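Below you'll find the structure, written out as structure tokens, and then a few comments.
Numbering (this note's numbering), first residue to last: -12 to 59.
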């Protein structure tokens, strides 16, 4: 079983290289400056934070319903 798992496993370095190639093929490098990536991340975090902003304190085992989860 271990041998088959090793064949199917992908290293983090492999994923990083594939993502870099994917972006390069589409000329997305121009948009991937640290500033642009940070601003995009901040925007996404803001959208996620908005969901919880007025919910009050959440329980430790808080579960999001399927309908709401699909919007996240």
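Cβ atoms here follow ideal geometry from the backbone N, Cα and C, with glycine treated the same way. As the structure is a prediction and not an experimental result, all values here were calculated from the model.
Between the CA atoms of residue 41 and residue 58 - distance to the nearest angstrom:
Along the chain shown, one-based indexing puts residue 58 at 71. Along the chain shown, one-based indexing puts residue 41 at 54. Distance between the alpha carbons of residue 58 and residue 41: 17 Å.
Three-state secondary structure (DSSP) of residue 20
For this step, residue 20 is matched to residue 33 along the chain shown. Judged by DSSP in its simplified three-state form, residue 20 adopts coil rather than helix or strand.
Which residue marks the beginning of the alpha helix (DSSP H) containing residue 8, and which one marks its end?
For the purposes of this step, residue 8 is taken as the residue at position 21 of the chain shown. Here the alpha helix (DSSP H) through residue 8 covers -1 to 12.
Alpha carbon to alpha carbon, how far is residue 20 from residue 4? Give it in angstroms, no decimals.
For the purposes of this step, residue 4 is taken as residue 17 along the chain shown, with counting starting at 1. For the purposes of this step, residue 20 is taken as residue 33 along the chain shown, with counting starting at 1. Take the alpha-carbon of residue 4 and the one of residue 20: they are about 17 Å apart.
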